[in-house]
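All remarks here apply to the structure that follows.
Chains as they are written, first to last, in this note's numbering: chain X, 1 to 120; chain P, 1001 to 1149.
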């Protein structure tokens, strides 16, 4: 399995990667990274990830714009937000745009794995 | 609109440090002296009728230790850019939790990070709400909140 992690924070990308590696279900996954939605679109084209985990608030292209751009291109990889912001309005907008889940930062490896399990 | 004064900020800081750094916080530490070099992460919250800012500061050596803990690296492997990234993310996570406590309706800025001694952060239109100092096994953390209309 190949998982794309999109976050402008290198620290957070590492935390997500570490959380995935600590989960028995995802320890063998290949993790690829991007710093924002724009870069992530290129990574999706070149790497064809099986699942995408994205931050919401990022420079250049934020997470919801990235998700909408993916939908416009007809990409269908399961998509989840891992974000510090989590309001009912954001949940609604995320799911309306096609996101499978929204995990709030800070999260535990278990909560991230559970969200992925539910989406795959 | 909820004010920072109505939030349990200590719980938010504790949740952040426990999950991201693996350490608990204790409130009531001595404020950090102005002659000590600090790293300050800042995120602004903006709504049509309210503005707020959250600043998270740590002495530079403590910020480096926290970054090392986050990345699971030894302190001598820590670069300044990693420290800035980590401090920005601490502020971002706290601001996100504050936004959730507020109930939405506001936008978060991208984080900014400043390093230096004797720093005074001014946000036009906002006044100091409070400043809280915490101790952790990695060093002191100072949380400052500002808000205005």
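Each residue gets a CB set at the ideal place from its N, CA and C atoms; glycine is no exception.
| Of the residues that make up the region 82-93 of chain X, which ones have a beta carbon closer than 8 Å to any beta carbon in chain P? | 83, 84, 85, 86, 87, 88, 89 and 90
| task | May I have a chain-ordered list of the alpha helix (DSSP H) segments no shorter than 4 residues that lie completely inside the region 1047-1117 of chain P? | result | 1060-1071 and 1080-1102
| task | Taking 8 Å as the cut-off, decide whether the C-beta atoms of residue 1025 of chain P and residue 84 of chain X are in contact. | result | no
| field | Residues that residue 1019 of chain P contacts on chain X, provided the C-beta gap is smaller than 8 Å | value | 106, 107 and 108
| request: Tell me where the beta strand (DSSP E) around residue 104 of chain X begins and ends. | output: 101-104
| query | Taking just the CA atoms, how far does residue 1135 of chain P sit from residue 1034 of chain P? | reply | 17 Å
| request: Identify the contact partners of residue 1150 of chain P in chain X, using a Cβ-Cβ distance below 8 Å as the criterion. | output: No information on residue 1150 of chain P is available, as it lies outside the stretch 1001 to 1149 that chain P covers here.
| request: Kindly give me the distance between the Cβ atoms of residue 5 of chain X and residue 31 of chain X, rounded to whole angstroms, as I take these residues to be in contact under 8 Å. | output: Taking C-beta atoms under 8 Å as the contact rule, residue 5 of chain X and residue 31 of chain X qualify, at a distance of about 6 Å.
| Do you know offhand how far residue 73 of chain X's Cα is from residue 1084 of chain P's? | About 35 Å.
| Where residue 91 of chain X falls: helix, strand or coil (DSSP) | helix
| Among the residues of its own chain, which have a CB less than 6 Å from the CB of residue 34 of chain X, if the five just before and after it don't count? | 6, 40 and 43
| request: Select from P:1124, P:1125, P:1145 and P:1122 the residue whose C-alpha is nearest the C-alpha of residue 1133 of chain P. | output: P:1145
| query | Residues bridged to residue 1134 of chain P by DSSP? | reply | P:1027 and P:1141
| request: Could you pull out every residue in the same chain whose Cβ sits closer than 6 Å to the Cβ of residue 1111 of chain P, ignoring the five residues on either side in sequence? | output: 1041, 1043, 1088, 1091 and 1092
| Going by C-alpha distance, which of X:8, X:53 and X:115 is nearest residue 60 of chain X? | X:8
| request: Name the residue from P:1143, P:1139, P:1007 and P:1037 whose alpha carbon lies nearest to the alpha carbon of residue 1069 of chain P. | output: P:1139
| task | Can you tell me which of P:1006, P:1020, P:1010 and P:1008 puts its alpha carbon nearest to the alpha carbon of residue 1086 of chain P? | result | P:1020
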